[in-house]
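Engineer: Okay, here's the structure, questions in a sec.
In the UniProt record's numbering, the protein residues as written are 1 to 154.
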């Protein structure tokens, strides 16, 4: 795919509520990479209305975006229970809308984020992308481009 030929919109959710500079830096780097490859991309800190719950922000973004990336860094991994709660709350909506969902992680081992799969039918092995791996960002891009619905098996 040539640069600039993709009309898909992507939203990156990360640990933006706690002024986490490490996660913010990783989100900006990921956003730059995604935009460089022709996608329209935003991060949740750009669209969040002060005082609005993260779950409500994600619900609102579903109607305006084609893909959702949950970004987990070393700094946000300790809040995995929160990520699990958010994904659990959104699972039915994600499946109903055939939303492409990816869980990207950087600075964490797969085992550290693998617990998110527990009880969440929508999360398949292809949902998880390790940005630490060689060509991890390229693998994420390939998953974004995929016509296969990453949220459910068909």
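Glycine included, C-beta positions come from ideal geometry on N, C-alpha and C.
With C-beta atoms as the reference, is residue 58 less than 7 angstroms away from residue 105?
Structural biologist: Not in contact: residue 58 and residue 105 (Cβ atoms no closer than 7 angstroms).
Engineer: With DSSP collapsed to three states, give me the class of residue 29.
Structural biologist: helix
Engineer: Given that a residue counts as buried once 16 or more other Cβ atoms are within 10 Å of its Cβ, and exposed if not, what is residue 138?
Structural biologist: exposed
Engineer: Quick one: Cα of residue 135 to Cα of residue 129, how far?
Structural biologist: Residue 135 and residue 129: Cα-Cα distance of roughly 10 angstroms.
Engineer: Check residue 67 in the structure and name its three-state DSSP category.
Structural biologist: Three-state DSSP puts residue 67 in a strand.
Engineer: Among 29, 23 and 35, which has the Cα closest to the Cα of residue 7?
Structural biologist: 35
Engineer: Measuring CA to CA, which of 21, 33 and 20 is closest to residue 141?
Structural biologist: 33
Engineer: Buried or exposed, going by whether 16 or more other CB atoms sit within 10 Å of the CB of residue 25?
Structural biologist: exposed
Engineer: Within the continuous alpha helix (DSSP H) that includes residue 137, where are the two ends?
Structural biologist: 136-145
Engineer: So residue 47 is in the alpha helix (DSSP H); what residue range does that whole segment cover?
Structural biologist: 44-47
Engineer: State the Cα-Cα distance for the pair residue 133 and residue 126, rounded to the nearest angstrom.
Structural biologist: 14 angstroms
Engineer: Would a C-beta distance cut-off of 7 angstroms place residue 13 and residue 70 closer than the cut-off?
Structural biologist: yes
Engineer: Closer than 6 angstroms by C-beta to residue 48: which residues in its own chain qualify, once you throw out the five before and the five after it? Chain order, please.
Structural biologist: 57
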